[in-house]
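Participant:
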């Protein structure tokens, strides 16, 4: 169920949006700047609909060299139509656990995917114990129950963090935050965005 939201302002400077996010637990990584964001979209796009595009972009990488520079370590944005072959779930698990802030130090990640046969399997080690999950195949769509599984593992390790997914993030985008319920409630009230849990 979506969390309570207030109506966002009609227009807000990009800098003001970033200050609000930082006050509610979503900080830019060191070295990331407004100019990095403006490589992808003009200022007008960010400011005409406050927070929505910004949060989506913060889960991405800077679109200039050198590659691999994340805007923040609290959000991950990816194309949900991404499951086609072996290695595709493994590729998504790495950033999904990165945004857990060290609370899910998984190791030895393996997967096996056969879209035609309708089967998939994920395996990894956590706290020296093996864990396995079998996602459901929906053509090439990522199974969000994988995020529910990771959320359950966070709970089992007494982490205060949980996974939340942004509503209205586009036709194919999945925008995932990993933070505490307290901070997500503050974020919703401050920005007007909506998030939901997968379990």
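In my numbering, the protein residues as written are 41 to 239.
Just so it is clear, CB atoms sit at the ideal spot from N, CA and C, and this is done for glycine as well.
Quick caveat, the model's predicted, so the values are computed rather than measured.
(1) I'd like to know whether the C-beta atoms of residue 216 and residue 139 end up nearer to each other than 8 angstroms.
(2) Start and end of the alpha helix (DSSP H) containing residue 138?
(3) Pairs of beta-carbons, one from the segment 175-188 and one from the segment 122-129, closer than 8 angstroms: are there three or more?
(4) According to DSSP, simplified to helix, strand and coil, what is residue 103?
(5) State whether the segment 105-113 contacts the segment 65-83, with contact taken as three or more CB pairs (one from each stretch) at a distance under 8 angstroms.
(6) Give the C-beta separation of residue 102 and residue 134 to the nearest angstrom, bearing in mind that I take them to be a contact with Cβ-Cβ under 8 angstroms.
(7) Going by beta carbon distance, what residues of the same chain come within less than 6 angstroms of residue 214, once the five residues before and after it are set aside?
(8) Assign residue 109 to one of three DSSP states: helix, strand, or coil.
(9) Do residue 86 and residue 98 have their C-beta atoms closer together than 8 angstroms?
(10) Could you spell out the range, first to last residue, of the alpha helix (DSSP H) harbouring residue 83?
Facilitator: Based on what the coordinates show:
(1) yes
(2) 128-138
(3) yes
(4) coil
(5) yes
(6) Not quite, the Cβ-Cβ distance comes to about 18 angstroms (not below 8 angstroms), so this is no contact.
(7) 118, 120
(8) coil
(9) no
(10) 83-88
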